[in-house]
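J.:
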Amino acid sequence: RGFGIEGKALQYVAREIAEVQKTGVEIAIVIGGGNIWRGARAAGWDMDRANADYMGMLATVINSLALQGILEAKYNVYSRVQTAIHMAELAEPYIRRKAIKHLTKGRVVIFAGGTGNPYFTTDTAASLRAREISADVILKATKVDGIYDKDPEKHTDAVKFKELSYFDVISKKLNVMDATAITMCMESAIPIRVFKLDDVGSVMRAISGDTEGTLVH
């Protein structure tokens, strides 16, 4: 489906997370909101960019609550949603020390609302939170099975990279994460593994240090 929340896809993602959570790995998640709202639409509507970004942040909260609901109801995985924008009736406010405590207790923490500020991407929010909680790795789930030298959906001769340095990603202008997100990971030496979420068991393989996708380090 091009818009909204697809139930089967949501359950698939929750199942992948639940399988990894059983192994004792501490899991924190940052979800985008592109299935509900994309800020790029605002340009065609003459809408203020900041307002469009705030709408995107709210979309991530909807997705986060949906994932939390499935994780707990269907897979008995305890989770907490923490939002960068205060909305106490729905979720906890983001508090770094509290997030870390939840993780140590085996709860899945879902970070919603981006950074809480406009003009920052979901990738930057993920890099920021990863740095704050001292994450070992960022797993970026995408529609393709790694990083290519050009769009594999448009070019049949696209070449896949198994490994890249942070500098390579920036200098080659590869469409992985924005420069701010990549730089933040580079400064903290947090590796990034880009992989295809649709492949069953891909999250577990990525967590296990398999050769899944592309590793940026």
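Each number in the working numbering corresponds to the 1-based position in the sequence shown with 70 added.
Glycine included, every Cβ here is placed at the ideal spot set by N, Cα and C.
(1) From the DSSP output, in three-state form, read off Leu-135 for me.
(2) Buried or exposed, going by whether 16 or more other CB atoms sit within 10 Å of the CB of Gly-279?
(3) Excluding the five sequence neighbours on either side, which residues of its own chain have a C-beta within less than 6 Å of the C-beta of His-13, listed in chain order?
(4) Taking 8 Å as the limit between beta carbons, can you name the residues of its chain near Thr-253, skipping five residues before and five after?
(5) From the DSSP output, in three-state form, read off Ala-290 for me.
(6) Which residues in the same chain as Trp-107 place their Cβ atom closer than 7 Å to its Cβ, once the five residues preceding and following it in sequence are excluded?
(7) So, are the CB atoms of Asp-215 and Phe-181 less than 9 Å apart?
(8) From the DSSP output, read off the bridge partner residues of Val-264.
(9) By the 10 Å Cβ neighbour count, where 16 or more other Cβ atoms means buried, how is Ala-259 classified, buried or exposed?
(10) I need the DSSP call for Val-229, collapsed to helix, strand or coil.
(11) Where does Leu-80 fall in DSSP's three states?
(12) State the DSSP-derived secondary structure class of Ser-204, mapped to helix, strand or coil.
(13) Please determine, among Gly-94, Arg-275, Ala-251 and Leu-160, the residue with the shortest C-alpha to C-alpha distance to Gly-176.
(14) Tell me the DSSP secondary structure of Ala-112 in three-state form.
T.: Reading off the structure:
(1) One-based indexing of the sequence shown puts residue 135 at position 65. Looking at Leu-135 - three-state DSSP - the assignment turns out to be helix.
(2) Numbered from 1 along the sequence shown, position 209 holds the residue referred to as residue 279. Around the C-beta of Gly-279, fewer than 16 other C-beta atoms lie within 10 Å, and the residue is accordingly described as exposed.
(3) Nothing can be reported for residue 13: it is not among the residues displayed for the chain, which extend from 71 to 287.
(4) As a first step, residue 253 is located in the sequence shown; it is residue number 183 there, counting from the start. Within the same chain, Thr-253 has close Cβ partners Tyr-236 and Ile-240.
(5) Beyond the ends of the chain as shown, which are 71 and 287, falls residue 290; an answer cannot be given.
(6) On the sequence shown, position 37 is the one that residue 107 refers to. Around Trp-107, the same chain offers Met-125, Gly-126 and Ala-129 as residues with beta carbons nearer than 7 Å, after the five sequence neighbours per side are excluded.
(7) In the sequence shown, the residue the question calls residue 215 occupies position 145. In the sequence shown, the residue the question calls residue 181 occupies position 111. Between Asp-215 and Phe-181, the CB-CB gap reaches or exceeds 9 Å.
(8) Residue numbering aside, residue 264 sits at position 194 when the sequence shown is read from its first letter. DSSP lists Lys-210 and Thr-284 as partners of Val-264.
(9) Here the question's residue 259 lines up with position 189 in the sequence shown. Exposed is the label assigned to Ala-259, since fewer than 16 other Cβ atoms lie within 10 Å of its Cβ.
(10) As a position in the sequence shown, residue 229 is number 159, starting the count at 1. DSSP, read as helix, strand or coil, puts Val-229 in coil.
(11) Reading the sequence shown from its first residue, position 10 is the one you call residue 80. Helix at Leu-80.
(12) For the purposes of this step, residue 204 is identified with residue 134 of the sequence shown, where counting begins at 1. It is coil, neither helix nor strand.
(13) To locate residue 176, count along the sequence shown from 1; it is residue 106. The shortest Cα separation from Gly-176 among Gly-94, Arg-275, Ala-251 and Leu-160 belongs to Gly-94.
(14) Within the sequence shown, numbered from 1, the residue matching residue 112 stands at position 42. Looking at Ala-112 - three-state DSSP - the assignment turns out to be helix.
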